[in-house]
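Using the numbering used here, you'd call the opening residue of the sequence shown number 445 and step up by one each time. All remarks here apply to the structure that follows.
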Amino acid sequence: MIRSAILAPSVLVLSLLAAMPAIAQDNIETTRGSGAVLRTLDKVSSEITDLELAPGESADIGRLTVRLGECRFPSADPNSDAFAQMVITDRNSRATLFDGWMVASSPALSSLDDARYDVWVLACKAA
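This is the structure we're talking about:
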């Protein structure tokens, strides 16, 4: 009984991930933004910082370097969601902490896993 309660969240996550290919096959037309608006949180100092990055641009947040690859949004409704491809590295250890797409409407699905910092995408900047 206890074991099933512990496994329940992982089953939910797996079912969401299994549904993602079906969602991706909807052929939603997207537009590439001219940049992205990101928000960072330093969990120790409670400092929140908003960043505006252009594709290929990077910014340093504490010991992290955040680099934006590109930002996309649905062509039919630019205000509905944002998808940002980012690479986040730790300059001290030279380790890549995140390399992939973050979705503004679902930051928990693909997020940075760091003890001190949270980074998430808010929106794409329209051209």
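Using N, Cα and C, we set each Cβ at its ideal position, and we do this for glycine too.
Residues that residue i bridges to, as DSSP identifies them
i, result
"Gly657", "Past the boundaries of the shown model lies residue 657; the chain is included only from 445 to 571, so the question cannot be answered."
"Leu485", "Ile492 and Asp562"
"Gly479", "Lys569"
Cα-Cα separation between residue i and residue j, rounded to whole angstroms
i, j, result
"Val563", "Thr484", "4 Å"
"Ala526", "Phe517", "5 Å"
"Val531", "Thr474", "21 Å"
"Asn536", "Asp558", "13 Å"
"Thr493", "Leu556", "16 Å"
"Glu514", "Leu553", "18 Å"
Counted within 10 angstroms of its Cβ, other Cβ atoms place residue i as buried (16 or more) or exposed
i, result
"Ala548", "buried"
"Leu482", "buried"
"Ala480", "buried"
"Leu451", "Note that Leu451 scores 44 on pLDDT, short of 50, meaning its location in the model is unreliable; the coordinates nonetheless yield the value given after this. Classification of Leu451: exposed, given that the 10 Å Cβ count is below 16."
"Leu512", "buried"
"Gly477", "buried"
Cβ neighbours of residue i in the same chain (closer than 6 Å, five flanking residues each side left out)
i, result
"Leu461", "Residue confidence is low: Leu461 scores 45 on pLDDT, short of 50, so the model does not pin down where it sits. Its coordinate-derived value is still stated next. If we look at Leu461 and ignore the five residues flanking it on each side, it has no Cβ neighbours."
"Val487", "Checking the sequence shown, residue 487 turns out to be Lys, not Val. Closer than 6 Å at Cβ, skipping near neighbours: Arg560."
"Ala567", "Val481 and Ala526"
Own chain, CB closer than 7 Å to residue i, minus 5 neighbours either side, in chain order
i, result
"Asp534", "Arg507, Leu508 and Leu541"
"Ala503", "Leu495, Leu497 and Val510"
Cβ distance (whole Å) where residue i is taken to contact residue j below 8 Å
i, j, result
"Ala528", "Val565", "4 Å"
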